[in-house]
Structures are given as structure tokens and as C-alpha cells.
Amino acid sequence: MADFSKRYDVLVIGGGNAALCAAISARRDGASVLVLEAAPKFYRGGNTRHTRNMRCAHDAPTQTLSGPYFEDEFYEDLLRVTGGETNEKLARMMIHESKEMLDWIVEQGVRFQPSLGGTLSLGRTNSFFLGGGRAMLNALYQTAEDLGVAIAYDAEVTDMVIEDGMFLSARVKQGEGHVDVRAGALVAAAGGFEANKKWLEESWGPAARNFLIRGTRYNRGTVLKMLTGAGVDEIGDPTQCHAVAIDARAPEYDGGIITRLDCVVFGIVVNKHCQRFYDEGEDVWPKRYAIWGRLVAAQPDQIGYIIFDARSLELFMPSCFPPIKADTIGELAQKLELDVAALEATVTEFNAAVQPGTFDHTQLDDCRTEGLTPQKSHWARRLEQAPFYAYPVRPGITFTYLGVRVNEQSRMMMADGKPSANMFAAGEIMAGNVLGRGYAAGIGMTIGSVFGRIAGREAAANARN
């Protein structure tokens, strides 16, 4: 039980992976810790509930990873997906620190499953949680509670007292009333603002009205606004985010992993005018899946359609909704309410451009198109074997990259360039320091775990001093 009359050494705002890593780290260093989770207990954990894996550097195969993943390769992968928009010092520090996380996170009760093969191509780079994100969360919460971390649910922070870069107290809504919580140091791990549609619309315009929020409905950015309003320096572009193509039939919030579609590489993607708009086979899926949300967001009415044939039906993890099925491309167009002649023409043009090759869904193959714009670089096969299938897709926002600037100690930096006195941040609320744009599978959990552990450690030391 949380005792709100007590002055804690460290206050952690948030309830996901980053928050819990911070709370456990601070508590193991002797600090008294209170975690404030705005969500009810059932929905605790933010977007961590929907995750599956974490990307960490390692120099040799492990029991759960099929080969080494050296620091330089990790950094090159990060540079590729971000286009160089990353803080090199922080990124390299995070990657180096990630080598310890595989053991540290296991010490906190989290278990991993054997390496994953197949189309995701992550068996060497990413460790998958046994039981998924919710099982990981349950383990971290159990460890935090066993260590004596106080946790409060339905505890939304509505205001903070911050003077000259020093956190003094937080105003917390509890039931019908409010309480003031004091602490020696603050760790903000409250996520991004993806569930705040009005804020999204400020940057994206009316297109944001058609976005689906793949993650939690509780990440509304209120803590981020309080911090920047109190002089904490802001980093990142408000339009940059982890955005994937998800089933257009998904709920507005909390659809999670089961609404994501991994079949883009096996077919073609068209907009409402039946036009292709990007190379579906540009690279292996874990390095490209997070660009498709933005690509679909740029299309008319923010809608797209993945079209594939019977040969590809069992090569990917399906959505929780069945694909739309038809015996001909024309019939499929009718079911999708698309122009029949336009879709048939697009498929015919694509089929004519496909070159002979050896299809291999586990790696970059030589199946490509020629004389087609946009081209398809890999996994290009003629769409000719009935039945034909389609998934309608919309942008699914997981988390945003606009956040607070931090240094190597995960300490928030003020707008005047000075470090804050006692405020630290971890997870999505500071992800923009590493992710200027783009994404590769598992990096969000790396950011949360590494910076959470650092933030907790540094907050505990700060509170003691």
C-alpha cells in the first residue's frame, strides 16, 4: 500500500517496463520508492503489455539467441532506421549498457523463450519474453513488490511543483480527491502522447482522426506537458513516432500485437485508388515494419490494402481478424469497395514486371520486379494463385518520439542547458534522444530497460545526497 503522507526518496511516474526497471534499480540501491500508475491495475504497464521482445547487444550466442550481435552492428542498424537522427553518445552508451540487460532483467524474474526463427529474422538479435509483455510485467511488478516498492494504481498526476529545475511534489488524483506526494527525486516514465488525439491533430492535421492507437489509451502526454512547461528542454519531432500498419478493423485503442500485419513483404500494398506507393520488399521486415504506419498515413483517407494470393497465406502471423477472401482479383476489389478495373490493372502490371528468382521468405532473396515504379526489391511473386486475400490497414500509433532531453545519467536537461537538480526520465518520454525517426524491432524495450535502470540508480544516489 502506498503511504501518501510519507516523503519518498524516489517517485516514479509511470507503470511500464521503464518505470519498473527504474523503481527496482532505485530500491536495490537502498532508496524508498513510490510508483504512480495512472491506469487501473488490470491495464497496468502501458505499452509494455503489448510487447514481445527486446534487442540487446551480445558477443556470443546464448541459450535464447542464435548468434552474436556486436555493438557496432547494433549501432549500424540504428543509424539505418533513423537516417542518422540519433544522439550518437547516448545511443552508443545505451547499446553498450544493453549487453548487461539480458542477465539483469532475468535476475528480476523475467524469463525468455528459445530463439525465434522464421520470417521475423530476429533469432540472433532479439530476445523474446516467455509469455509476452504481460508476463514480463507481472514478473517485474512481483519483484518490485517483494523489494518493498510502494505502488498506487488509478493514480493520475495532475500537477507538479518544480522550481528552478528541482522537483518538489506531485499532485495526484486518487478517487474523488487529490493528494500531494513529496519525494527527493523524480523519475518520469509516463510514456508519450499517442492517445491524445487532439495533440496528434495539432501536428498531423485532420489525418490524425483516422489513426488507431495500437497501444494504451492512458498515454496522453500530460506529464510531458508539465515538464516542458516547467522549463525542461524538449527534443524530437511531434510527427515522428512508432507507427505500423494495423488491421483497419482494430479498436481505436489497445489493439496490441494481434492487430499488426506482417504480410506486406509477401504481396503488394495499394491505396484507395488501387495504386502502389512504396517498395514492399525493401528490406527484412523487422527493419521496415515501423515505416508502414507513416506511409499509410500519407495516403488518401489514411487507408491501404495488402493484397496477396494463396501461396503466402501461412507465411506470417495473421491479424485477429480474418483476411478478406475472393476467387478473383475483380471479386476482391468489389469486396473492398475498390475500382475493379483499377485493381486488376495494377495487379496485371505488377505480375508482368516480376522477374524469375528463387523465393526465400527467411532472407533477402532475388525475387524482384523490373521496369516498375515503385519497384519491389525482394520477395516479388506473381499474384496468380487463387484464392486471393486482402487486409485493409490504417496507421497504428504505438508511441511518439517528442519528449524530454536527457544526458548520460538519464537526468533531464533544462531549456537553459543546465541539468535538472533531481529529475530523471526513462522510456518513451525520452525516446526521441535515441530515435529521431524510424524504428527497429525491440529498441523501445531497450531504451526503457537501459535508461530505466540508469535513472533509478542515479535518482537513488541523488536522493541520498
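Using the working numbering, the first residue of the sequence shown is number 2, and each one after it goes up by one. All residues carry an ideal CB built from backbone N, CA and C; glycine is no exception.
When the beta-carbon positions are compared, D10 and R465 come within less than 9 angstroms of each other. DSSP, read as helix, strand or coil, puts I325 in strand.
Residue range V341 to A354 is occupied by the alpha helix (DSSP H) that includes V348, with no beta strand (DSSP E) assigned at that position. Taking a 10 Å sphere around the C-beta of E157, we find 16 or more other C-beta atoms and assign the residue as buried.
In the DSSP assignment, P207 is bridged to no other residue. From the listed residues T349, D367 and A346, the smallest Cα separation to Q356 is found for D367. For P396, the secondary structure class from DSSP, reduced to helix, strand or coil, is strand. The alpha carbon of K174 has as its nearest neighbour, out of G192, A153 and A191, the alpha carbon of A153. Rounded to the nearest angstrom, the gap between the Cα atoms of N408 and M55 is 22 angstroms. Residue range C242 to D248 is occupied by the beta strand (DSSP E) that includes C242.
Between G134 and F113, the alpha-carbon positions lie close to 11 angstroms from each other.
Between the C-alpha atoms of S128 and I398 there is a straight-line separation of about 23 angstroms. The DSSP assignment places 242-248 and 269-271 as complete runs of the beta strand (DSSP E) inside the stretch 218-286, in order along the chain (cut-off: 3 residues).
A Cβ-Cβ separation of about 7 angstroms places L79 in contact with A441 under the 8 angstroms criterion. With respect to L333, E350 sits apart: the two C-beta atoms are not nearer than 9 angstroms. Spatial neighbours of H379 in its own chain (CB-CB distance under 7 angstroms, excluding positions within 5 residues in sequence) are listed in chain order as G282, L365, D366, C368 and R369.
L12 carries a strand assignment under DSSP once its states are collapsed to helix, strand and coil. Looking at T159, L103, M415 and T363, the one whose alpha-carbon comes closest to that of G176 is T159. Sequence-distant partners of P393 (beyond 5 residues in either direction) whose C-beta falls short of 6 angstroms from its own C-beta, in its chain, are A249 and Y306. Between D328 and K336, the alpha-carbon positions lie close to 11 angstroms from each other.
At a Cβ-Cβ threshold of 9 angstroms, G46 and N88 do not count as neighbours. Residue range E72 to T83 is occupied by the alpha helix (DSSP H) that includes Y76.
Take the alpha-carbon of C242 and the one of T401: they are about 4 angstroms apart.
Counting along the chain, the unbroken alpha helix (DSSP H) around V107 starts and ends at E89 to E108.
Here V188 really is in contact with A427; their C-beta atoms are around 6 angstroms apart, less than 8 angstroms. The beta carbon of R454 sits closer than 6 angstroms to those of C22 and S26, all from its chain and outside the five residues before and after it, given in chain order. With a cutoff of 9 angstroms on beta-carbon distance, A432 and G237 are scored as near each other. Judged by their CB atoms, M446 and V233 are not nearer to each other than the 9 angstroms cut-off. Collapsing the DSSP output to three states places A58 in coil. One thing to note: F267 has its Cβ within 9 angstroms of the Cβ of H362.
Inter-segment contact for the stretch 192-201 and the stretch 259-273 is absent: fewer than three beta-carbon pairs are separated by less than 8 angstroms. Annotation note: the stretch 374-449 contains the following uninterrupted beta strand (DSSP E) runs of length 3 or greater, listed N- to C-terminal: 389-401, 412-414 and 420-426. In the DSSP assignment, G178 forms a beta bridge with Q175.
Comparing alpha carbon positions, the residue from Y254, R277 and P301 closest to N352 is R277. In the DSSP assignment, E157 forms a beta bridge with K174. Within a 10 Å sphere around the beta-carbon of M161 sit 16 or more other beta-carbons, which makes this residue buried.
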